[in-house]
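Student:
Number of protein chains: 2
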Amino acid sequence: MDEPADRHTLTEKVRLGELFSVDCPSREVLKSVSSLWGVLCLISLRERTLRFSELRRSATGVSEKMLAQTLKRLEEDGFVLRHALETVPPHVEYSLTDLGLQVSERVVALVDWIELNTPHVMAFRRERAGP
Amino acid sequence: MDEPADRHTLTEKVRLGELFSVDCPSREVLKSVSSLWGVLCLISLRERTLRFSELRRSATGVSEKMLAQTLKRLEEDGFVLRHALETVPPHVEYSLTDLGLQVSERVVALVDWIELNTPHVMAFRRERAGP
DNA sequence: CAGTATCCCTTTTGATACTG
DNA sequence: CAGTATCAAAAGGGATACTG
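Top line first, the protein sequences correspond to chains A and B. Take the first sequence: its letter number 110 is residue 100 in this note's numbering, and every next letter is one higher. Take the second sequence: its letter number 131 is residue 121 in this note's numbering, and every next letter is one higher.
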């Protein structure tokens, strides 16, 4: 189900120079999905629906501006659903769409690997920097 | 084999605010691996060893400067191996290390999904932008 | 609370030219 | 060929103040 073996494979596209041609929208999608704040939002929202302020705390270090911008983009791309309750004070909930859940699975696989292997990377860096 | 179920899960870390704390080196690794040129290099090198100029053609639109910088970083992190033949003119070959092959698998899974689903994203964008 | 608007600084990136 | 050096342009990002 993950193998679209009936059409051009990814490596084939790379060889043909078809992958991510300069004006390809895929590059934009990759950017929003793999940016630091994009990643953090997608991962945080996997567990449950979160409010703006909760997301802010999840993504340590993010500014309001960046979070708003990131969420807007993820919403425009159909990855995140924004649900605003008409109350005072405002209460807005963000959750993943089906599409968002799907990407987030790939993103988690990548981030999980990175989390697990960053120690190796650090050790490697120190080795080659050392005496 | 992909489930480190015996320790903190990713979502747990997110809840605890442990994931990607501001000064965490994982963020750096994520950046080099998920940057546009990083992604393109990793994917291109999966198929076979490539020379600098070949990589340049693979990653359409990359400048020499960015490619050199990206490769240097991937090399420092232990993802890419640089093999320079002492000839004139110079001949340098880049290939993936074991570690590089591992990340690239996760990266490919993500990019493959994006390639396949970008049409949906585009359609979604048009819909909500429409009349 | 959940943003938007503004200002301003820093980092990234790209073009171009040059070198071993 | 495989880079480095340099400069200018652009994007990214933070702090603060303000609004519905």
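All C-beta atoms in this analysis are idealised placements derived from N, C-alpha and C, irrespective of residue type, glycine included.
Please confirm whether leucine 20/A has its beta-carbon closer than 8 Å to some beta-carbon of chain B.
Tutor: Stepping through the first sequence from its first residue, residue 20/A is reached at position 30. Leucine 20/A counts as touching chain B.
Student: Compare the C-alpha of leucine 26/B against each of Ser16/A, Leu35/A and Val82/A and name the closest.
Tutor: Along the second sequence, read from residue 1 onward, the residue named residue 26/B stands at position 36. Checking every option, the nearest Cα to that of leucine 26/B belongs to Ser16/A.
Student: If we define contact as Cβ-Cβ less than 8 Å, is aspartate 88/A a contact residue for chain B?
Tutor: Taking the first residue of the first sequence as position 1, residue 88/A is located at position 98. Closer than 8 Å to the CB of aspartate 88/A there is not a single CB belonging to chain B.
Student: For methionine -9/A, does the three-state DSSP call read helix, strand or coil?
Tutor: Residue -9/A sits at position 1 when you count from the first residue of the first sequence. Bear in mind that the predicted position of methionine -9/A carries a pLDDT of just 41, short of 50, making it unreliable; the figure below should be weighed with that in mind. Methionine -9/A falls in the coil class under three-state DSSP.
Student: Please report the distance separating the alpha-carbon of arginine 116/B from that of glycine 68/A.
Tutor: Within the second sequence, the letter at position 126 stands for residue 116/B. Within the first sequence, the letter at position 78 stands for residue 68/A. Each residue's Cα considered, the two are about 11 Å apart.
Student: Which residue spans inside the region 50 to 94 of chain B form an unbroken beta strand (DSSP E) run of at least 3?
Tutor: 70 to 75 and 81 to 86
Student: Name the chain A residues that come within less than 7 Å of threonine 108/B, Cβ to Cβ?
Tutor: Sequence index remark: in the second sequence, residue 108/B carries index 118 (1-based). The contacting residues are Pro15, Ser16 and Val19.
Student: Should the region 55 to 64 of chain B be called in touch with the region 38 to 54 of chain A, which here means at least 3 C-beta pairs below 8 Å?
Tutor: no
Student: Under 8 Å Cβ-Cβ, which residues of chain A neighbour arginine 115/B?
Tutor: For the purposes of this step, residue 115/B is taken as the residue at position 125 of the second sequence. Correct list: Glu66, Asp67 and Gly68.
Student: Beta carbon of leucine 64/A, beta carbon of serine 85/A: below 8 Å?
Tutor: For the purposes of this step, residue 64/A is taken as the residue at position 74 of the first sequence. For the purposes of this step, residue 85/A is taken as the residue at position 95 of the first sequence. No; because the gap between Cβ atoms is not below 8 Å, this pair is not in contact.
Student: Am I right that leucine 32/A and glycine 90/A are in contact with their C-beta atoms under 8 Å? What's the rounded C-beta distance?
Tutor: Sequence index remark: in the first sequence, residue 32/A carries index 42 (1-based). Sequence index remark: in the first sequence, residue 90/A carries index 100 (1-based). So it is a contact: roughly 7 Å between Cβ atoms.
Student: Pick helix, strand or coil for arginine 118/A, following the three-state DSSP scheme.
Tutor: Residue numbering aside, residue 118/A sits at position 128 when the first sequence is read from its first letter. If DSSP states are grouped into helix, strand and coil, arginine 118/A belongs with the helices.
Student: Bridge partners of arginine 41/B, per DSSP?
Tutor: Indexing the second sequence from 1 puts residue 41/B at position 51. Partner(s): Glu83/B.
Student: Are the C-beta atoms of tryptophan 27/A and some chain B residue less than 8 Å apart?
Tutor: Position 37 of the first sequence holds residue 27/A. False, the Cβ-Cβ gap to chain B never drops below 8 Å.
Student: Please confirm if glutamate 105/B has its CB atom under 8 Å from at least one CB of chain A.
Tutor: Within the second sequence, numbered from 1, the residue matching residue 105/B stands at position 115. True, the Cβ-Cβ gap to chain A drops below 8 Å.
Student: If you compare alpha carbons, which of Ile104/B, Glu105/B, Thr108/B and Val93/B is closest to asparagine 107/A?
Tutor: As a first step, residue 107/A is located in the first sequence; it is residue number 117 there, counting from the start. The option with the nearest alpha carbon to asparagine 107/A is Val93/B.
Student: Going by other Cβ atoms of all chains shown within 10 Å of its Cβ, with 16 needed for buried, is alanine 113/A buried or exposed?
Tutor: Position 123 of the first sequence, counted from the start, is the residue given in the question as residue 113/A. Exposed, by the Cβ-count rule.
Student: Under the three-state reduction of DSSP, which class applies to cysteine 14/A: helix, strand or coil?
Tutor: Walking along the first sequence from the start, residue 14/A turns up at place 24. Note: cysteine 14/A maps to coil in three-state DSSP.
Student: Cutting at 8 Å between CB atoms, please list the residues of its own chain near leucine 75/A, excluding the five before and the five after it.
Tutor: The sequence position of residue 75/A within the first sequence is 85, counting from 1. The answer, listed in chain order, is His81, Val82 and Glu83.
Student: Quick check: what's the CA-CA separation for glutamate 37/B versus aspartate 102/B?
Tutor: The sequence position of residue 37/B within the second sequence is 47, counting from 1. The sequence position of residue 102/B within the second sequence is 112, counting from 1. Computed Cα separation, rounded: 15 Å.
Student: Alpha carbon to alpha carbon, how far is arginine 46/B from valine 78/B? Give it in angstroms, no decimals.
Tutor: Counting from 1 along the second sequence, the entry for residue 78/B is found at position 88. Counting from 1 along the second sequence, the entry for residue 46/B is found at position 56. One C-alpha to the other measures close to 20 Å.
Student: Under a CB-based cut-off of 8 Å, is methionine 56/A close to chain B?
Tutor: In the first sequence, residue 56/A corresponds to position 66, counting from 1. Judged by the 8 Å Cβ criterion, methionine 56/A is not in contact with chain B.
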